Amino acid sequence: MSETETFECDVRDAIGKGASRAARRGGRIPAVVYGGDEAPVSITLDYNEIQKAYFSGQLTGRLATLNIAGKAQPVLPRDVQVDRVRDTPIHVDFIRVDERTRIDVAVAVRFLNEDTSPGLKKGGVLNVVRHEVELKCPATRIPEFIELDLAAAEIGDTLHMSAITLPDGVTPTITDRDFTVATIVAPRTAKADDEGEDAAETEAEGEE
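The following block contains the structure:
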């Protein structure tokens, strides 16, 4: 499962544009937590922590934990409002989640055994069709990545989603077909030689 960011929060009573501007001047980012069986709660978070998480890609599509008044609350960042000039977060909406919550999320594909793949050892090229795959996951168990094993992959092989073993409770969002994740294609030099031979044969036939 992907690592969980934990953010310390302060509950804020004052809301509105004026209160939000005051929070930002004080080095805080205003935010709201909603969802579940509880009422929405307005909070602020440390400016530097949110900026770091945002620019490292840890603020979207990942489970986070908010420490609100000493209570840990699992959440998903739902919407990040960004300053259009500075491209920095100025407000975040979080939604409460638990083990029953299921979400759609893009998860990176990692390729195993590239160094031992017979097709790649013969000079084949790994053509990645999908660097990420959309999965339906329990919100509290989002995999950091999924793995596709190339140990037996030969030149000309097409590697489908069915070749990937997913964690329990995780399924592809695309269910109507076994879609392609990657292929092993012949090296360009081989293709060029084949095309050259075909062209030469065609020319010779024309001369006859």
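Sequential numbering from 95 applies to the sequence shown in our numbering. Note that CB positions come from ideal geometry on N, CA and C, so glycine has one too. Note that the structure is predicted; figures quoted are calculated from it, not measured.
Other residues of its chain near residue i: CB distance less than 6 Å, five sequence neighbours each side excluded
{"i": "H185", "result": "P124 and Q175"}
{"i": "V126", "result": "P134, S136 and D187"}
{"i": "T100", "result": "T159"}
{"i": "Q152", "result": "E99"}
{"i": "D192", "result": "none"}
8 Å CB neighbourhood of residue i in its chain, flanking five on each side removed
{"i": "E226", "result": "A200, V201, A202 and V203"}
{"i": "R282", "result": "V219"}
{"i": "V275", "result": "V203, V222, V223, R224, V227, L242, L253, H254, M255, A257 and I258"}
{"i": "A166", "result": "T100, T159 and L160"}
{"i": "E297", "result": "Annotation note: pLDDT 45 at E297 (below 50); position unreliable, coordinate value reported separately. Result list for E297: empty, nothing under 8 Å."}
Selection from the options that minimises the alpha carbon distance to residue i
{"i": "V223", "options": "V179, H254 and A117", "result": "H254"}
{"i": "E132", "options": "R190, G121, T265 and R122", "result": "R190"}
{"i": "T252", "options": "T267, F239 and D272", "result": "D272"}
{"i": "P212", "options": "V179, R156 and I278", "result": "I278"}
{"i": "G129", "options": "T195, D209 and P237", "result": "T195"}
{"i": "T267", "options": "I197, R235, D177 and R119", "result": "I197"}
{"i": "D140", "options": "D270, R118 and R156", "result": "R118"}
Close beta carbons around residue i, own chain, < 7 Å, minus the five adjacent residues each side
{"i": "K216", "result": "I249"}
{"i": "A163", "result": "V105"}
{"i": "D243", "result": "L206 and N207"}
{"i": "A280", "result": "G218 and I249"}
{"i": "T154", "result": "P171 and V174"}
Residue(s) in a DSSP beta bridge with residue i
{"i": "R204", "result": "E241"}
{"i": "V264", "result": "Per DSSP, none; premise fails for V264."}
{"i": "L214", "result": "Paired residues: none, contrary to the question."}
{"i": "K230", "result": "D198 and T265"}
{"i": "V222", "result": "A276"}
{"i": "T252", "result": "T277"}
Buried or exposed (CB count within 10 angstroms, at least 16 for buried), residue i
{"i": "P171", "result": "buried"}
{"i": "A233", "result": "buried"}
{"i": "T138", "result": "buried"}
{"i": "V169", "result": "buried"}
{"i": "I109", "result": "exposed"}
{"i": "S114", "result": "buried"}
{"i": "R122", "result": "buried"}
{"i": "A246", "result": "exposed"}
Item to check | alpha helix (DSSP H) segments (min. 4 residues) lying fully within the stretch 121-199 | outcome: Segments of the alpha helix (DSSP H) lying fully in the stretch 121-199: 141-149.
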